[in-house]
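Visitor: What follows is a structure written as structure tokens; I'll ask about it next.
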Amino acid sequence: MPARITPGMERFAAVDDQYDPEDVENGVFEYWDDVDAYEQTKAHREDGETYFFVDGPPYTSGAAHMGTTWNKTLKDLYIRYLRMRGYDVTDRPGYDMHGLPIETKVEERLDFENKKDIEAFGEENFIDECKAFAEEQLEGLQSDFQDFGVWMDWDDPYKTVNPEYMEAAWWGFQRAHERGLVEQGMRSINQCPRCETAIANNEVERSEVGKPSIYVKFPLREADRREASDGASDEAASSEAYLVIWTTTPWTIPANTFVAVDGDVTYQGVRAQKDGEEEVLYVAEPRVEEVLKTGRYEDYEVVDEVTGEEMTGWKYDHPLADEVPDHASGEGALQVYTADYVDAEDQTGLVHSAPGHGEEDFERGQELGLEIFCPVGSDGVYTEQAGAYEGTFVRDANDDVIADLDSKGYLLASESGYTVNEGHCWRCDTGIVRIVTDQWFITVTDIKDELLANIEDSEWYPQWARDNRFRDFVEDAPDWNVSRQRYWGIPIPIWLPEDWSGDMDDAIVVGDREELAERVDQDVDPESVDLHKGTVDDLTITEDGTTYTRVPDVFDVWLDSSVATWGTLDYPQEAEAFEELWPADLIMEAHDQTRGWFWSQLGMSTAAMGEIPYKQVLMHGYANMPDGRGMSKSKGILVDPHEVIEKHGRDPMRLFLLSVSAQGQDMNFSWEETQEMQRRLNILWNVARFCRTCAPTTSTPKRPRSRTSATTSNSLTSGSSPASRASNRR
RNA sequence: GGGCCAAUAGCUCAAUCAGGUUGAGCGCUCGGCUGAUAACCGGGAGGCUCUCGGUUCAAAUCCGAGUUGGCCCA
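Under numbering that gives the first Met the number 0, the first sequence has 285 at position 286, and the numbering climbs by one with no breaks.
Set out below in structure tokens:
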């Protein structure tokens with residue numbers, strides 16, 4: 000409610016006897032406009048104690064939903080409360096405007112199918128389209144927030160696409176580099192073959208999908224096996240012997256490099272008979288019966304028993320050696336090794352391992368010093384290294400691989416209809432593939448202790464969010480892959496010499512526009528330069544006779560918002576506010592941001608500055624449907640705040656949002672309760688009207704009512720008669 | 001599959017951390033008022049505290065196992 004009621008009351012006096020939220024709200028908006036209420040409030044607090052609130056930037060790919068409405072309403076309430084207490088509050092709203100989700104929306108709009116369409120359209124044009132789209136969405140969000148009655152600095156939001164903000168990301172990244180926390184490395188990543196880029200784990204959506212399920216025999220090399228282990232009995236060695244593996248991804252078999260076993264488990268070699276032929280199969284002891292049944296063997300006898308440990312070093316031939324002549328064959332390849340990820344109770348107890356694809360396989364492969372063989376390109380199509388399969392999309396190759404294995408007699412069994420939890424790209428729903436590629440990392444695992452210690456410097460409401468959820472996540476967090484092979488993002492500011500050794504000391508990491516203008520060979524105006532790919536890709540640096548070119552990748556969009564505490568203050572361009580205010584006093588977001596923004600900020604800020612960038616965190620819940628289901632725009636399961644406003648008004652909606660749920664708890668939206676809030680406000684309305692029936696109606700009171708009048712009317716409602724109240728007023 | 005959080009009256013929540021007669025508002029119901037009237041005032045009913053076990057003199061509360069829902073991770 001406005002502090003000075005007089006002008007407003009004149010306006011309200013004209014409305015009818017019933018509380019009409021729309022009328023009241025419009026009256027308030029007009030009043031705010033007339034007296035520049037927001038500007039004046041801020042001006043009056045200018046000399047107050049500072050309070051550095053940082054707005055978590057909503058992503059500009061759609062309209063405001065109930066969750067963002069709740070979030071902004073909570074922020075609005077608390078900022079108003081702080082201002083009532085005299086604080087000079089930083090209230091710059093922000094918008095997260097880069098990233099793959101916007102690219103895919105623009106691709107849809109332009110009817111593009113893949114990266115080649117973008118290249119044909121022109122990178123710069125595409126970036127312009129993305130910018131226009133993001134700005135358009137921003138306008139929608141911003142007008143919604145204003146319409147909800149939120150007071151923030153709408154004239155000057157921070158945008159992650161502005162040069163001064165992008166520079167803040169460069170600066171942070173440069174600092175991390177100076178601390179030795181940036182490196183390039185191969186990693187097994189989730190690759191979206193359509194978007195042709197790495198996808199973060201939290202961007203992978205999982206669903207049950209039917210997959211082929213095959214049992215494959217890998218032929219053991221006789222002599223080597225006997226040599227490697229005394230355990231292999233002569234009897235077992237007297238006929239063809241095989242390791243039996245099971246997989247749901249036949250397309251990864253070309254990349255097979257080793258077979259993993261559980262060192263402590265007993266494996267049996269069984270002589271099995273089928274169609275009058277005999278062969279020896281190695282399977283984990285608990286699984287023998289089941290596997291042989293699946294393979295439709297008629298009879299078997301156990302002829303050998305060895306532990307996984309004893310099998311280590313056994314050599315085998317690649318089952319697709321003819322089709323994939325370049326298969327992994329270096330030092331130590333095509334042997335049996337132990338690995339933690341083997342479960343002897345699962346399938347055959349032997350695991351086909353391809354360090355060029357799977358994450359665990361990759362890590363174990365690295366430990367063992369094995370060659371990383373990945374014959375698949377960023378588009379999910381086999382490369383030349385895949386021999387006969389070159390040019391085929393990996394999932395389409397499953398049938399070919401199965402047929403080839405079968406023709407050689409290596410296919411023990413093939414079943415269909417097996418369902419596994421498969422990852423899909425969150426934006427385009429394309430099935431992801433695991434491949435190993437070169438990526439850029441901030442090696443947060445090197446500063447794990449510092450991260451965990453910094454958590455202690457923040458207060459969380461509720462506290463369990465920090466001590467359970469957040470700490471667990473930070474403890475387990477892997478190195479942060481910050482590179483994306485896309486267009487609409489902050490370009491990674493790394494310039495490399497032509498024959499880069501891999502040593503980060505030989506790389507140039509640029510920290511801001513000033514430095515960029517100074518170091519590049521081209522003429523660049525630091526004031527006006529745009530930092531997107533279209534501009535910086537063409538810039539080169541020549542120092543000591545060596546020419547450096549920029550790596551083509553852009554940052555993971557999570558890195559953008561991770562620098563918000565200094566990006567909000569336009570640091571490093573403007574240093575004064577940063578020195579006075581940083582770190583943030585408070586951030587306030589929903590619990591999904593534990594692994595999102597709460598984490599990315601801790602990671603980035605600790606890497607760059609060794610400190611946590613916020614003092615207090617308020618974690619609120621999710622806005623769910625009245626029956627408790629999660630809202631989903633794509634499934635059409637949602638409550639639209641605009642509809643709520645239309646039915647009940649802004650104040651009732653806000654009152655409802657502010658009245659529900661304990662800290663950290665989800666809210667179930669309730670139409671009933673929102674209506675109830677409207678009724679409660681109606682009571683207030685009636686109280687005000689009641690007062691007026693007793694007051695002179697011909698003129699407005701001479702004395703402007705101050706805050707004390709509210710106290711007075713409170714005590715009046717609880718006691719004295721209308722008459723005495725009226726006389727009190729005079 | 002794992003982690004965290006939740007479940008209490010028809011609805012939205014409180015009481016749970018630190019065990020001691022389960023509360024509030026709305027709704028419902030009965031009555032009053034009838035120049036605030038889609039309002040106001042007074043009375044009342046309404047709970048195996050999600051389920052099953054355990055600890056205790058005593059459990060909504062502590063412990064264990066489930067169910068359902070939410071978020072996150074695999």
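Glycine included, every Cβ here is placed at the ideal spot set by N, Cα and C.
Would a C-beta distance cut-off of 9 angstroms place residue 252 and residue 318 closer than the cut-off?
Guide: Contact: yes.
Visitor: Is the distance from the Cβ of residue 173 to the Cβ of residue 61 below 9 angstroms?
Guide: No, these two residues do not count as a Cβ contact at 9 angstroms.
Visitor: Who are the Cβ neighbours of residue 154 in its own chain at under 7 angstroms, not counting the five residues just before and after it?
Guide: For residue 154, where only same-chain residues beyond five positions count, there are no Cβ hits under 7 angstroms.
Visitor: Please classify residue 367: does DSSP put it in a helix, a strand, or coil?
Guide: Reduced to three states, the DSSP call for residue 367 is helix.
Visitor: Going residue by residue through the region 291-355, where are the continuous alpha helix (DSSP H) segments of at least 4 residues, counting only ones entirely within it?
Guide: Counting whole runs of 4 or more residues, the region 291-355 contains the alpha helix (DSSP H) stretches 307-310.
Visitor: From residue 632 to residue 307, what distance separates their C-alpha atoms?
Guide: Whole-angstrom Cα-Cα distance: 50 angstroms.
Visitor: Please tell me whether residue 499 and residue 509 are closer than 9 angstroms, where the distance is taken between their beta carbons.
Guide: No, the pair does not count as a contact, with Cβ atoms beyond the cut-off.
Visitor: Within its chain, find whatever has a CB closer than 6 angstroms to the CB of residue 284; leave out the 5 residues flanking it on each side and keep chain order.
Guide: Within the same chain, residue 284 has close Cβ partners 265 and 267.
Visitor: From this set, 81, 183, 217 and 171, which residue's C-alpha is nearest residue 150's C-alpha?
Guide: Of 81, 183, 217 and 171, the residue nearest in Cα terms is 81.
Visitor: Starting from residue 406, trace the alpha helix (DSSP H) both ways and give me its first and last residue.
Guide: 397-406 is the span of the alpha helix (DSSP H), which, as asked, contains residue 406.
Visitor: In whole angstroms, what separates the C-alpha of residue 169 from that of residue 511?
Guide: Rounded to the nearest angstrom, the two C-alpha atoms are 6 angstroms apart.
Visitor: At which residues does the beta strand (DSSP E) containing residue 198 begin and terminate?
Guide: Per DSSP, residue 198 belongs to the beta strand (DSSP E) from 196-198.
Visitor: Tell me which same chain residues have a C-beta within less than 6 angstroms of the C-beta of residue 700, skipping the five on either side of it?
Guide: Annotation note: pLDDT 38 at residue 700 (below 50); position unreliable, coordinate value reported separately. Counting only Cβ-Cβ distances below 6 angstroms, and skipping sequence neighbours, we find nothing.
Visitor: Comparing C-alpha positions only, which one of 665, 539, 652 and 393 sits nearest to residue 192?
Guide: Out of 665, 539, 652 and 393, 393 has the C-alpha closest to the C-alpha of residue 192.
Visitor: Would residue 546 and residue 610 be called neighbours here (beta carbons separated by less than 9 angstroms)?
Guide: The answer is no: Cβ separation not under 9 angstroms.
Visitor: Determine, using beta carbons only, whether residue 181 and residue 96 come nearer to each other than 9 angstroms.
Guide: Cβ distance not < 9 angstroms, so residue 181 and residue 96 don't count as in contact.
Visitor: So residue 587 and residue 73 are supposed to be a Cβ contact under 8 angstroms. How far apart are they, rounded?
Guide: Sure, about 6 angstroms apart at Cβ, within 8 angstroms.
Visitor: Start and end of the beta strand (DSSP E) containing residue 420?
Guide: Looking at the DSSP string, the run of the beta strand (DSSP E) that includes residue 420 is 410-424.
Visitor: Under 6 angstroms Cβ to Cβ from residue 133, same chain only, skipping five residues before and after it: list those, please.
Guide: Here the set comprises 59, 96 and 101.
Visitor: Does the beta-carbon distance from residue 320 to residue 278 come in below 9 angstroms?
Guide: Contact flag unset, no.
Visitor: When the Cα atoms are used, what is the spatial distance from residue 717 to residue 686?
Guide: Note that residue 717 scores 29 on pLDDT, short of 50, meaning its location in the model is unreliable; the coordinates nonetheless yield the value given after this. Straight-line Cα distance between these residues: approximately 12 angstroms.
Visitor: For my contact list, residue 527 and residue 561 are in at a C-beta cut-off of 8 angstroms; report their separation, rounded to the angstrom.
Guide: So it is not a contact: roughly 26 angstroms between Cβ atoms.
Visitor: Which same chain residues end up closer than 6 angstroms to residue 338 when comparing Cβ atoms and leaving out the 5 residues on each side of it in sequence?
Guide: Taken in chain order, the residues that qualify are 259 and 363.
Visitor: Residue range of the beta strand (DSSP E) that residue 18 falls in?
Guide: Taken as a continuous stretch (DSSP letters only), residue 18 belongs to no beta strand (DSSP E), as it is neither H nor E.
Visitor: Taking 8 angstroms as the threshold, find out whether the region 638-650 comes into contact with the region 16-36 through three or more Cβ pairs.
Guide: Cβ pair count under 8 angstroms is three or more, so yes.
Visitor: For residue 595 versus residue 554, is the C-beta spacing smaller than 9 angstroms?
Guide: In this structure, residue 554 does not lie closer than 9 angstroms to residue 595 by Cβ.
Visitor: Which whole runs of the beta strand (DSSP E) in the region 249-289 are 3 residues long or more, in chain order?
Guide: Counting only runs of 3 or more, we get 257-260, 265-273 and 276-283.
Visitor: So within the region 145-204, which uninterrupted beta strand (DSSP E) runs reach at least 3 residues, ignoring any that extend past its ends?
Guide: You should have 181-191 and 196-198.
Visitor: How close, in whole Å, do the beta carbons of residue 482 and residue 537 come, if the pair is a contact with beta carbons under 8 angstroms?
Guide: About 20 angstroms; that fails the 8 angstroms criterion.
Visitor: Going by C-alpha to C-alpha distance, which of 248, 501, 584 and 616 sits closest to residue 593?
Guide: Considering only alpha carbons, the answer is 616.
Visitor: Just verifying my parser: in three-state terms, what is the DSSP assignment at residue 684?
Guide: Three-state DSSP puts residue 684 in a helix.
Visitor: Using a threshold of 8 angstroms, is the CB atom of residue 373 nearer than that to any non-hydrogen atom of the ligand NAD?
Guide: Among the ligands in the structure shown, none appear at all, so the ligand NAD cannot be discussed.
Visitor: So, with DSSP's three-state summary, where would you put residue 114?
Guide: Here residue 114 sits in helix by DSSP.
Visitor: Using 8 angstroms as the Cβ pair cut-off and three pairs as the minimum, do the region 454-462 and the region 411-427 touch?
Guide: Flag = no, the region 454-462 and the region 411-427 do not touch.
Visitor: Hey, residue 141 and residue 94: beta-carbon distance below 9 angstroms or not?
Guide: Yes. Within cutoff.
Visitor: Can you give the Cα-Cα distance for residue 213 and residue 450, rounded to whole angstroms?
Guide: Using only the alpha carbons, I get a separation of about 44 angstroms.
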